[in-house]
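See structure below.
Numbering (our numbering), first residue to last: 545 to 896.
Here it is as structure tokens:
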């Protein structure tokens, strides 16, 4: 390849990069659905390969995987819409009992009426905000359906055309001039391993925290009194483990507050202490970085920052983008240094 051809290809790459950035700006409102679709299509590919090992039938394996997506999405939408008003009623009932419990405590402690009014006003504001948020979610169903449609269509096309996309990507990489080709190839080779590692880390941590929560609640139950629905709370904690730092508190926080306000201060305090120390702090500082570093052979600090800051900055999409972007940045810097040095050495050798 001549220098003129290499320069022309590099200019083409720069134009392509700007076009990709412009496309991302247009697609940004739906980026959550697109990233989730990419994740699900990747998982469908893994599931398809595993099922096809037993069935040895590509068509049947594809039908099973595609049907599973529609069944899961349909079930989630049905459960949400069918139980929305029941959930809303339960939220209002809970805040009402919480308000009454707080007022009983303030009466028992003989606190001032002004303090009681302030506490009651605070609880009412929380109740109103929760109700408004849930109503907002319900009224945004048309927008949600658009996201679901984009998710389903993108998932199906990425899954269906996965071999074509992979072939075109390899062809595109072959046309990139060196040393950029070597850098891009090394990053692409790392993506599959990183992506699999991110997914396995999230699932492993979720399962561990679900089990730890069950054990912790059982221990608290033995120390104090019965805690109903431990399996449900553990399942919710496992699901909440996908959102670092704050989501777990949304499960154990109301439970602990409920017991504090209904005459079981020891049980409520133990639940809150266990949740804060074990479910939130210990898992984010020690468990997730440790599991991620073992799964992806990366430094725990990169895993810690990626999994923690990604969702906080980017929301749901940050669950994937955060760790993947930090790891790919590290890979790019290291590979660029190595490949640039190798290219420089080769040029000096050619000059001689």
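Note that beta-carbon positions come from the ideal geometry of N, C-alpha and C, so glycine has one too.
Handout entry: residue 867 in three-state terms, based on DSSP
Key = Residue 867 falls in the helix class under three-state DSSP.
Practice task
Might you give, ordered along the chain, the residues of its own chain that have their beta carbon closer than 8 Å to the beta carbon of residue 568, omitting 5 neighbours on each side?
Solution key: The residues are 575.
Practice task
Just the C-alpha distance for residue 687 and residue 608, rounded to the nearest angstrom, thanks.
Solution key: Each residue's Cα considered, the two are about 28 Å apart.
Problem - Residue environment, residue 613, which counts as buried when at least 16 other CB atoms sit within 10 Å - result: By the neighbour-count rule (16 or more Cβ atoms within 10 Å), residue 613 is buried.
Exercise for the section: Measuring alpha carbon to alpha carbon, tell me which of 832, 602, 715, 765 ends up nearest residue 808. Expected result: The shortest Cα separation from residue 808 among 832, 602, 715, 765 belongs to 765.
Practice task
Have a look at residue 558 and residue 705 and give me their C-alpha separation to the nearest angstrom.
Solution key: Spanning the two alpha carbons is a distance of roughly 27 Å.
Handout entry: residue 770 classed as buried or exposed, judged by whether at least 16 other C-beta atoms fall within 10 angstroms
Key = With fewer than 16 other beta carbons inside 10 angstroms of its own, residue 770 counts as exposed.
Problem - Closer than 8 Å: residue 878 CB and nearest the ligand SAM heavy atom - result: In the structure on display, the ligand SAM does not appear, and there are no ligands present to speak of.
Handout entry: Among 786, 823, 815, 821, nearest to residue 862 - alpha-carbon criterion
Key = Distances from the alpha-carbon of residue 862 to those of 786, 823, 815, 821 put 786 closest.
Practice task
Have a look at residue 768 and residue 810 and give me their C-alpha separation to the nearest angstrom.
Solution key: Looking at the two C-alpha atoms, the distance is approximately 7 Å.
Exercise for the section: Note down, one range per segment and in chain order, each alpha helix (DSSP H) of at least 4 residues found wholly within the segment 712-777. Expected result: Correct list: 724-767.
Exercise for the section: Could you spell out the range, first to last residue, of the alpha helix (DSSP H) harbouring residue 698? Expected result: Looking at the DSSP string, the run of the alpha helix (DSSP H) that includes residue 698 is 685-704.
Practice task
Can you have a look at residue 585 and say buried or exposed, based on whether 16 or more other CB atoms are within 10 angstroms of its CB?
Solution key: The residue is buried, with at least 16 neighbouring Cβ atoms inside 10 Å.
Exercise for the section: Determine, using beta carbons only, whether residue 732 and residue 744 come nearer to each other than 9 Å. Expected result: Contact flag unset, no.
Problem - Inter-stretch contact at 8 Å, needing at least 3 Cβ pairs: the segment 846-864 / the segment 771-780 - result: The answer is no - the segment 771-780 does not touch the segment 846-864, with fewer than three Cβ pairs under 8 Å.
Handout entry: Where residue 593 sits in the DSSP three-state scheme
Key = Residue state, collapsed to three classes: helix.
Exercise for the section: With a cut-off of 8 Å on the beta carbons, I'd call residue 828 and residue 858 a contact; round off their distance for me. Expected result: Residue 828 to residue 858, Cβ: 17 Å. No contact.
Practice task
Would you check if the distance between the CB atom of residue 871 and the CB atom of residue 579 is smaller than 9 Å?
Solution key: No, the Cβ-Cβ distance between residue 871 and residue 579 is not below 9 Å.
Practice task
Tell me whether residue 806 sits in a helix, a strand or coil according to DSSP, three-state version.
Solution key: Three-state result, residue 806: coil.
Handout entry: Candidates 801, 664, 757, of which the one nearest residue 783 by Cα
Key = In terms of Cα proximity to residue 783, the closest of 801, 664, 757 is 757.
Exercise for the section: Evaluate residue 737 with the Cβ neighbour count: other Cβ atoms within 10 Å of its Cβ, from every protein chain shown; 16 or more gives buried, anything less gives exposed. Expected result: The C-beta of residue 737 has fewer than 16 other C-beta atoms within 10 Å across all chains shown, which makes the residue exposed.
Problem - Same chain, Cβ closer than 6 Å to residue 824, five either side skipped, listed in chain order - result: Taking residue 824 as the centre and dropping the five residues before and after it, the same chain places the C-beta of 792 closer than 6 Å to its C-beta, in chain order.
Exercise for the section: Excluding the 5 residues preceding and the 5 following residue 649 in the sequence, name in chain order all residues of the same chain whose CB lies nearer than 8 Å to its CB. Expected result: Once the five neighbours on either side are set aside, the close Cβ partners of residue 649 are 805.
Problem - Cβ of residue 699 within 9 Å of any chain C Cβ - result: Structure shown: chain C not included; a single protein chain is present.
Exercise for the section: Please name the residue in 836, 656, 877, 573 whose C-alpha comes closest to that of residue 726. Expected result: With distances taken between Cα atoms, residue 726 lies closest to 877.
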